[in-house]
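Peer 1:
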RNA sequence: GGAGGUGUCGCCUAGUACGGUCUAUGGCGCCCGCCUGCUAAGCGGGUUUCGGGCUAAUACCCGAUCGUGGGUUCAAAUCCCACCACCUCCGCCA
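In the working numbering, the protein residues as written are 150 to 575.
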């Protein structure tokens, strides 16, 4: 949710933001009307209720005829109070419903437009020239099968399409990546967390995943729980309905969890291998901070993501995501796109969002600052989505014979091993 | 899954059998002040939280808030119903 005061004092700014997102601008006017109705509803309820309480006190003290007279009067008032409360509740509910539809305010400077309009801010590393090296690169699945690292067929047999087994070297790679990620997050001062990956509707709703992204979420009907698509959800909900001491900010958490995604509407897209799957494991970075520090923290998250990709020797670009492609919660988003040799293009591997106070307001996360209790800012960023990172390692570090060089940074977590080589598998 | 118990303003706690100055008690902690070579102790005052109003700002005023949501009633911490969380025991289980 955005700040209701901004809506009242500067509705044009909200309209601009809605327009930049490609969302309905008339929602802003509906919200303004709902807000007004809500405030006047509450106000008339409070007035009546004060009167009722006062009468109640008199009744408590009175006796005999006096009491009977007061009781007769107060009965009618009670009916009015009840009605006023019902009206106020209805107006409040309407306002809340509309508020939740409104996306976060886009930060100035975010490029306008949709998916194609993101701006490349920087490029790091140089894609290999396989032609110059004299061989045609194999794609990650071919390499994965040669190495005995990825088994899609059995994944499909057991769980269906878009499921996989990581076997032998594949499993080792994921665990090495995970260990490497852990050592980095500790070095950067994050608290490592293993959060629950099933959450209640409130957590999903509060993080903004039940809006336009709802069709992509797995739900367990029998238990009314959701499977999270990212550790962002349990990490954001961790402090829900809490008031934190400002002196404990910023708080840096790094969560390792599975990510479950229905990938509805992506039929036929990226169907080969483990590029787009229904489940993968991921290290996610999460920050709670003073809204004043949010943009600086956002830059830091991006730095960490860049450092990780650089250490793994993967060429990548940084994209400033356009306003129409931000999702509900983000006010600004930077994606890292890594070079995928067999597609000769950069593909998304990480994404970091500054959600400002949007999620905190929905989840009731506040902090006690010198100037009072205010919602704080939340930010998140991918550190390592295992399947995508494995793809990038396999393809970028492959050799002519199908073996794959292990970047130095990962070797300590693989017993010093320098490469994986093709094997006979069954 | 079965049986029983508990849930009060940071923590502990009084209040719930019998609805009405509960406008929620007391202690700890914390904040301010006094006293004081300095600290401690002592003394006095303040302290649920949230939303709103009014202020230059304090002060002050109004509403909500006793796990959550409903209900009964003129009136609910207190009575009724549902749900949630935690604890104990039993069963099952990595």
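Beta carbons are placed, not taken as given, at the ideal position from N, Cα and C, and that holds for glycine.
Just how far apart, CA to CA, sit residue 347 and residue 391?
Peer 2: Here residue 347 refers to the residue found at position 198 when the first chain is read from its first residue. Here residue 391 refers to the residue found at position 242 when the first chain is read from its first residue. Approximately 21 Å, taken between the alpha carbons.
Peer 1: Is the region 512 to 523 touching the region 549 to 566 in the sense that three or more CB pairs, one from each, lie closer than 8 Å?
Peer 2: Contact fails: fewer than three Cβ-Cβ distances are below 8 Å.
Peer 1: Can you tell me where the beta strand (DSSP E) holding residue 350 begins and where it ends?
Peer 2: On the first chain, position 201 is the one that residue 350 refers to. It is not in any beta strand (DSSP E) - residue 350 instead sits in the alpha helix (DSSP H) that spans 350 to 355.
Peer 1: Which residue wins for smallest C-alpha separation from residue 385, given the options 173, 530 and 331?
Peer 2: Within the first chain, residue 385 is the residue found at index 236, counting from 1. For residue 385, the nearest C-alpha among the options comes from 530.
Peer 1: Can you give, in chain order, each stretch of the beta strand (DSSP E) that sits fully within the region 487 to 524 and has at least 3 residues?
Peer 2: List check, beta strand (DSSP E) in window: 494 to 503, 514 to 518 and 521 to 524.
Peer 1: Are the region 502 to 512 and the region 280 to 300 in contact at 8 Å, needing three or more beta carbon pairs?
Peer 2: The region 502 to 512, when compared against the region 280 to 300, does not touch it at the 8 Å Cβ threshold.
Peer 1: With a cut-off of 8 Å on the beta carbons, I'd call residue 537 and residue 498 a contact; round off their distance for me.
Peer 2: Here residue 537 refers to the residue found at position 388 when the first chain is read from its first residue. Here residue 498 refers to the residue found at position 349 when the first chain is read from its first residue. Indeed, because the Cβ distance is near 5 Å, the residues count as touching under 8 Å.
Peer 1: Below 8 Å on the Cβ atoms is my contact criterion, and I expect residue 341 with residue 326 to pass it. Report the Cβ-Cβ distance as a whole number of Å.
Peer 2: Counting from one through the first chain, the residue named residue 341 turns up at place 192. Counting from one through the first chain, the residue named residue 326 turns up at place 177. Wrong, their Cβ atoms sit about 15 Å apart, outside the cutoff.
Peer 1: What number of angstroms, rounded off, separates the C-alpha of residue 335 from the C-alpha of residue 490?
Peer 2: One-based indexing of the first chain puts residue 335 at position 186. One-based indexing of the first chain puts residue 490 at position 341. If I take the Cα positions, the gap works out to 32 Å.
Peer 1: Rounded to whole angstroms, what's the CA-CA distance from residue 212 to residue 238? Just pull it up for me.
Peer 2: Position 63 of the first chain, counting from 1, holds the residue named residue 212. Position 89 of the first chain, counting from 1, holds the residue named residue 238. If I take the Cα positions, the gap works out to 35 Å.
Peer 1: Does DSSP put residue 244 in a helix, a strand or coil?
Peer 2: Locating residue 244 in the first chain gives position 95, where the first residue counts as 1. If DSSP states are grouped into helix, strand and coil, residue 244 belongs with the helices.
Peer 1: When the distance is taken between beta carbons, is residue 535 closer than 8 Å to residue 431?
Peer 2: In the first chain, the residue the question calls residue 431 occupies position 282. In the first chain, the residue the question calls residue 535 occupies position 386. It is a contact, given that the beta carbons lie within the stated cut-off.
Peer 1: Just list the alpha helix (DSSP H) runs in the region 308 to 395, keeping only unbroken ones of 4 residues or longer that don't cross its boundaries, in chain order.
Peer 2: List check, alpha helix (DSSP H) in window: 318 to 336, 350 to 355 and 381 to 386.
Peer 1: Taking the C-alpha atoms as reference points, what is the distance between residue 216 and residue 203?
Peer 2: Here residue 216 refers to the residue found at position 67 when the first chain is read from its first residue. Here residue 203 refers to the residue found at position 54 when the first chain is read from its first residue. Taking the straight line from one Cα to the other gives about 14 Å.
Peer 1: Count the other CB atoms, across all protein chains shown, that sit within 10 Å of the CB of residue 437; report buried if there are 16 or more and exposed otherwise.
Peer 2: Locating residue 437 in the first chain gives position 288, counting from the first residue. Its Cβ being crowded by 16 or more others within 10 Å, residue 437 is buried.
Peer 1: Three-state secondary structure (DSSP) at residue 546?
Peer 2: In the first chain, counting from the first residue as 1, residue 546 sits at position 397. Looking at residue 546 - three-state DSSP - the assignment turns out to be coil, as it is neither helix nor strand.
Peer 1: What does DSSP give as the partner residue(s) for residue 482 in the beta ladder?
Peer 2: Taking the first residue of the first chain as 1, we reach residue 482 at position 333. DSSP, once it has assigned bridges, lists 502 as partnering residue 482.
Peer 1: In terms of alpha-carbon separation, which member of 478, 532 and 505 lies closest to residue 485?
Peer 2: As a working mapping, residue 485 is identified with position 336 in the first chain. Closest option to residue 485, Cα to Cα, is 532.
Peer 1: Check each candidate in 243, 165, 227 and 548 and name the one with the smallest Cα separation from residue 190.
Peer 2: Residue numbering aside, residue 190 sits at position 41 when the first chain is read from its first letter. Nearest of 243, 165, 227 and 548 to residue 190, Cα basis: 243.
Peer 1: Could you have a look at residue 448 and say whether DSSP puts it in helix, strand or coil?
Peer 2: Numbered from 1 along the first chain, position 299 holds the residue referred to as residue 448. Three-state DSSP puts residue 448 in a helix.
Peer 1: Just how far apart, CA to CA, sit residue 313 and residue 290?
Peer 2: As a first step, residue 313 must be located in the first chain, where it is residue number 164. As a first step, residue 290 must be located in the first chain, where it is residue number 141. Taking the straight line joining both Cα atoms gives about 11 Å.
Peer 1: Pick out whichever of 442, 301, 378 and 279 has its Cα sitting closest to the Cα of residue 551.
Peer 2: On the first chain, residue 551 is found 402 positions in, with the first residue counted as 1. Nearest option by C-alpha distance: 279.
Peer 1: If we count the other Cβ atoms within 10 Å of its Cβ and call it buried at 16 or more, is residue 524 buried or exposed?
Peer 2: Sequence index remark: in the first chain, residue 524 carries index 375 (1-based). It counts as buried.
Peer 1: Could you spell out where the alpha helix (DSSP H) holding residue 427 opens and where it closes?
Peer 2: Indexing the first chain from 1 puts residue 427 at position 278. Premise fails: residue 427 is in no alpha helix (DSSP H) and is neither H nor E.
Peer 1: Work out the CA separation of residue 157 and residue 395 for me, nearest whole Å.
Peer 2: Here residue 395 corresponds to residue number 246 of the first chain, with the count starting at 1. Here residue 157 corresponds to residue number 8 of the first chain, with the count starting at 1. The alpha-carbon atoms of residue 395 and residue 157 are separated by roughly 27 Å.
Peer 1: I'd like to know if the region 465 to 485 and the region 249 to 266 are in contact, where contact means that at least 3 CB-CB pairs between them fall below 8 Å.
Peer 2: Yes, they touch.
Peer 1: With a threshold of 8 Å, are at least 3 pairs of Cβ atoms found where one atom belongs to the region 399 to 413 and the other to the region 371 to 381?
Peer 2: Short answer: they touch.
Peer 1: How would you write the range of the beta strand (DSSP E) that residue 270 sits in, first residue to last?
Peer 2: If you number the first chain from 1, residue 270 lands on position 121. 268 to 273 is the extent of the beta strand (DSSP E) around residue 270.
Peer 1: Could you give the DSSP three-state label for residue 565: helix, strand or coil?
Peer 2: Within the first chain, the letter at position 416 stands for residue 565. If DSSP states are grouped into helix, strand and coil, residue 565 belongs with coil.
Peer 1: Tell me whether residue 417 sits in a helix, a strand or coil according to DSSP, three-state version.
Peer 2: Start at 1 with the first residue of the first chain, and residue 417 comes out as number 268. In the structure shown, residue 417 sits in coil (DSSP, three-state: anything other than H, G, I, E or B).
Peer 1: Go to residue 194, then tell me how far its alpha helix (DSSP H) extends in each direction, as first and last residue.
Peer 2: As a working mapping, residue 194 is identified with position 45 in the first chain. Residues 175 to 210.
Peer 1: To the nearest angstrom, how far is the alpha carbon of residue 355 from that of residue 220?
Peer 2: Here residue 355 corresponds to residue number 206 of the first chain, with the count starting at 1. Here residue 220 corresponds to residue number 71 of the first chain, with the count starting at 1. Taking the straight line from one Cα to the other gives about 45 Å.
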